[in-house]
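Taking it in order: structure first as structure tokens, then the write-up.
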Amino acid sequence: MKHALLVVCLPVLLLAACGRTEPVADMPSQEELAAAANAAAANAIANQQSDETPDGRNYVNIERGFSITLPEGWVRDKGASNADGVVYEDPGAGADARVFWQKNDGDQTLQQIVEALNTGAEGVDGDFVGDNEYRGTANDGEGNNVGIRLLRQPDGSIVTATFVYPEMLSEQYQAISETLLTSLRIFAPKEEAEAAAVAPAANAAR
3 MKHALLVVCL PVLLLAACGR TEPVADMPSQ EELAAAANAA AANAIANQQS
53 DETPDGRNYV NIERGFSITL PEGWVRDKGA SNADGVVYED PGAGADARVF
103 WQKNDGDQTL QQIVEALNTG AEGVDGDFVG DNEYRGTAND GEGNNVGIRL
153 LRQPDGSIVT ATFVYPEMLS EQYQAISETL LTSLRIFAPK EEAEAAAVAP
203 AANAAR
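Residues 3 to 208 in the numbering used here are what the sequence shown lists, from first letter to last.
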């Protein structure tokens, strides 16, 4: 599929509360709690799913910190996939889903990224969800509709998910596109999660 590369990222942190009987002075800081919860979330996903589950529907990129659920029966395009993301195709229907991580060298805001996106695709239309998420639709100029979701991660990097399908098959694919894009999740990348897990332990040893 030939269509413009799209970008995004939304911070999703899972904060866990646990009962403790220690004096208030010994309680961990909010930063430590957030870091530990973030690491736990990433480790839980890593333990449950490494790259793909047996049925091939759930793709998890531990290194880049995102996951997504693909439609049943879709096939991975190994040639187009790499360490930063994945491409899946619907055999024989001309539809595909692409999810990729991209470094944000210029530390652009999501608004700036969407403005650039508008110059590279026809008829982009969508809405911001807070400061770090964008959902929209476009047309690639070749008879295909494009569903877009952009998430900006806390470090500024972008995770972009697109679902491309023939315009004539909109009735069949629109709901599938919405479900797939909604399933996109981000979490702390492996390196960041490991660092977050080490920090509380180091502080506790002091």
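Note that the Cβ used here is the ideal one computed from N, Cα and C, for glycine as well. Note that the structure is a prediction, hence the values are computed from the model and not measured.
- In the DSSP assignment, residue 179 falls within the alpha helix (DSSP H) that extends over 172 to 184.
- By alpha-carbon distance to residue 157, the top candidate from 126, 66, 82 and 171 is 66.
- Judged by pairs of C-beta atoms under 8 Å, the stretch 175 to 189 touches the stretch 68 to 78, as three or more such pairs exist.
- Under the three-state reduction of DSSP output, residue 131 falls in the coil class, being neither helix nor strand.
- In terms of Cβ geometry, residue 141 and residue 168 do not form a close pair [threshold 9 Å].
- Taking C-alpha positions only, residue 160 is separated from residue 149 by approximately 16 Å.
- Classified as buried, residue 155 has 16 or more neighbouring CB atoms from the shown chains inside 10 Å of its CB.
- If you look at residue 168, you'll find it in the beta strand (DSSP E) that goes 160 to 168.
- In the DSSP assignment, residue 151 falls within the beta strand (DSSP E) that extends over 146 to 154.
- Per the C-alpha coordinates, the member of 170, 177, 143 and 111 positioned closest to residue 133 is 111.
- Taken atom to atom, the span from the alpha-carbon of residue 101 to that of residue 190 is near 17 Å.
- Under the three-state reduction of DSSP, residue 113 is assigned to helix.
- Here residue 194 carries a helix assignment [DSSP, helix/strand/coil].
- Here residue 87 is buried: its Cβ has 16 or more other Cβ atoms, across all protein chains shown, within 10 Å.
- Under the three-state reduction of DSSP output, residue 118 falls in the helix class.
- For residue 98, the enclosing beta strand (DSSP E) covers residues 97 to 104.
- Taken through DSSP and simplified to helix, strand or coil, residue 68 comes out as strand.
- Bounds of the beta strand (DSSP E) holding residue 91 are 87 to 92.
- Beyond the five residues adjoining it in sequence on each side, residue 83 comes within less than 7 Å, by CB distance, of 89 in the same chain, given in chain order.
- With a threshold of 16 other beta carbon atoms within 10 Å, residue 173 falls short and is exposed.
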